[in-house]
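Remarks on the structure that follows.
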Amino acid sequence: MASLLLLLPLQVQAIGLGKLEVRSYLDEPFRGEVELQSLHDQPLQAIKVQLASRSDFKSAGIERPAQLSSLRFVVRQMPSGKPVIQISTPNGVSEPYLHFLIRVDWSGGRILREYTALLDPPTYAATLPPNVIVPKRDAAVSQAVVVAKKPAPSRLPTLDNAASQPASKPLPKPLPVATTASVTPKPAAQVIHKVRKGETSWQVVRSMRAPVDVNIYQLLQALRQANPEAFINNNINLLKAGSRLKLPDVQKIRTVSKQEAKRQYRLQLDLWQAYQDFVSSGKTAAGKTVAGNTRVQPTRQPQNK
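Here it is in structure tokens:
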């Protein structure tokens, strides 16, 4: 999509801003970089970067939550010679994305630019709860049964003295062989999760136990597909409070590839943001830049009749 780019006043030789490169993960302090372009010998010391004002956010139709106030901006030249804006937060970010507007001032003017940063979890390697015991596969079959052997008699009994031998005790009836391994396991009961007020789909899937070979985006899409009635407009970001979610099984989670699941999430996130912009400002949603160089065309909102 075309990124939001406002020049006040319009300059022929304006500073350019590149895409946002995210270098941190979910629950970590945010770290990102934006390349400064077309400086035209503009000294870095004269470039000031900050979070845009509340009035700028309002004019752009973007919400300005309190957590954005912790964003810090530093203009720096990298060892490679590339000038960048380094963006960071002192504390970890628990939300799956940051949507913000920055303001860059220099001697020739100022520019506003809107960015969305998607934050991936560092590793979605699920572990089993401590009270769950995993049975070993085919344990009843593969484990050998050790029987104590009696020492061999020094002389084998003959037919003549066999009668003089005391009658041997009848052998005990053999115990029935355990058939646990051969019994077809019953299907696991369907897990139900009731959505609490204010709870997001991200919070739901992060509490799920899943195989290490699936990512959080696959879990999100599988959750949405298993519970279409729990999401407004079938959007993963619009979870209805009070819904009873059926948690998907492993096979359903793997039906969507990692790349496709992430693409679908980005698309739904953009649609959700367009909806938020429309609700908050009543204006047509402006174009946005999503970190990772994913661009989506602006969505035209329906006119009130």
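With positions in the sequence shown counted from 1, the corresponding number in this note's numbering is that position plus 11. Cβ atoms here follow ideal geometry from the backbone N, Cα and C, with glycine treated the same way.
Using a Cβ distance threshold of 9 Å, Leu256 and Ala241 count as a contacting pair.
By the Cβ neighbour-count rule, Lys59 is exposed, with fewer than 16 other Cβ atoms within 10 Å of its own. In the structure shown, Gln53 falls within a coil segment according to DSSP collapsed to helix, strand and coil. Judged by their CB atoms, Gln232 and Ala272 are nearer to each other than the 9 Å cut-off.
According to the DSSP assignment, Lys263 belongs to the alpha helix (DSSP H) that extends over Val261 to Ile264. Counting only runs of 4+ residues, the alpha helix (DSSP H) found wholly inside the stretch 26–73 occupies 65–71, in chain order. Straight-line measurement puts the Cα of Asn238 at about 11 Å from the Cα of His204. Contact between the stretch 97–117 and the stretch 33–49 is present: 3 or more CB-CB pairs across the two stretches fall below 8 Å. Per DSSP, Ser81 lies in no alpha helix (DSSP H) segment and is marked neither H nor E. Here DSSP, grouped into helix, strand and coil, assigns Asp131 to coil. Asn248 and Val215 have their C-alpha atoms roughly 12 Å apart. With fewer than 16 other Cβ atoms from the protein chains shown falling within 10 Å of its own Cβ, Val85 counts as exposed. If the five residues before and after Gly209 are omitted, its C-beta is found closer than 8 Å to the C-beta atoms of Ala252, all from its own chain and listed in chain order. Between Gln279 and Asn246, the C-beta gap is smaller than 9 Å, which places the two residues in contact. As the crow flies, the alpha-carbon of Arg42 is around 12 Å from that of Leu129. DSSP places Arg235 inside the alpha helix (DSSP H), whose first and last residues are Ile227 to Ala237.
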